[in-house]
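Counting from 1, one number per residue, gives the positions in the sequence shown under full-length UniProt numbering.
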Amino acid sequence: MDVEDGEYVAIVGPNGAGKSTVMKSVFGLTDYMGGEIVFDDEDISGLRPDQIITRGINFVPQSDNVFPGLTIRENLEMGAYILDEVPEERIEAVYDRFPILEEREDQLGGSLSGGQQQMLAMGRALMLDPDLLLLDEPSAGLAPDLVQETLDRIDRINDSGTAVLIVEQNAKEALKRCDRGYVLVQGQNRHEDTGEALLNDQQVRDDFLGG
């Protein structure tokens, strides 16, 4: 499994296939059985999340992805905790991408709606301007209109040059948007191709996408 510079790659598959485990393994949050994880020609297998962040990778988990007792601005500042001083231009860049966060910057993260919390989580992950952004089920629990809005925002993040590796429950929508996709079944990579090719693969459609 690989992600090229600036690429948008989706991992889809049934529940329990190991999709989220892949993300957590890349980010150093869980142990894995074997193999190696290489980023920018460096073996990062076994590194801690705080070490992985310094390599240019950041992760937005599916749940518990904001600090509920901190304001929006404080949440964003936490996203740059490894820096001696938080550059104001980084915060402004996030506000440009998510204007509602600036409008409510003194509001507590825990008081935001699900969609707004997802924006805040993505904004915090972008504070260090990562080369690769890992997103675990970013549309989970969102209303249908917010699903489209969230995925549109991810498209724009990728369009700006950030590589994206996404696990997404809405498989058809993810495959429509991604450059390449992987279909995981019981921890195994069963299918790999462009998103368009996977959408049009009859076996993938029959086995996973509902025909």
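C-beta atoms are modelled at their ideal positions from N, C-alpha and C, and glycine is treated no differently.
With a beta-carbon spacing of about 6 Å, V12 and E168 fall inside the 8 Å limit used to define contacts.
Of all alpha-carbon atoms in L209, I57, E149, N200, the one lying nearest the alpha-carbon of F98 is that of E149. Note on geometry: alpha-carbon atoms of L132 and V164 lie some 6 Å from one another. Within the DSSP secondary-structure output, I166 pairs in a beta bridge with A10, L135.
Counting along the chain, the unbroken beta strand (DSSP E) around I57 starts and ends at 57 to 60. Apart from the 5 residues on each side of it in sequence, L70 sits with its Cβ closer than 8 Å to the Cβ of M78, L108, G109 in its chain, given in chain order. By the CB criterion at 8 Å, Y8 and R177 fall inside the cutoff.
For A174 against F208, the beta-carbon gap comes to about 12 Å, at or over 8 Å, which does not count as contact.
Going by beta carbons, L128 and V94 fall outside the 8 Å limit. C-alpha of S25 to C-alpha of R190: approximately 19 Å in a straight line. Closest in alpha carbon position to G6, among I154, T30, P87, is I154. Counting only unbroken stretches of 3 or more residues, the beta strand (DSSP E) elements lying wholly within the stretch 36 to 124 are 57 to 60, in sequence order. The DSSP-derived three-state label of D2 is coil.
Excluding the 5 residues flanking it on each side, D43 has same chain C-beta neighbours closer than 6 Å at E36, in chain order.
DSSP places R180 inside the beta strand (DSSP E), whose first and last residues are 180 to 185. Per the DSSP secondary-structure output, N200 pairs with nothing in a beta bridge. Under DSSP, the beta-bridge partners assigned to T194 are R180.
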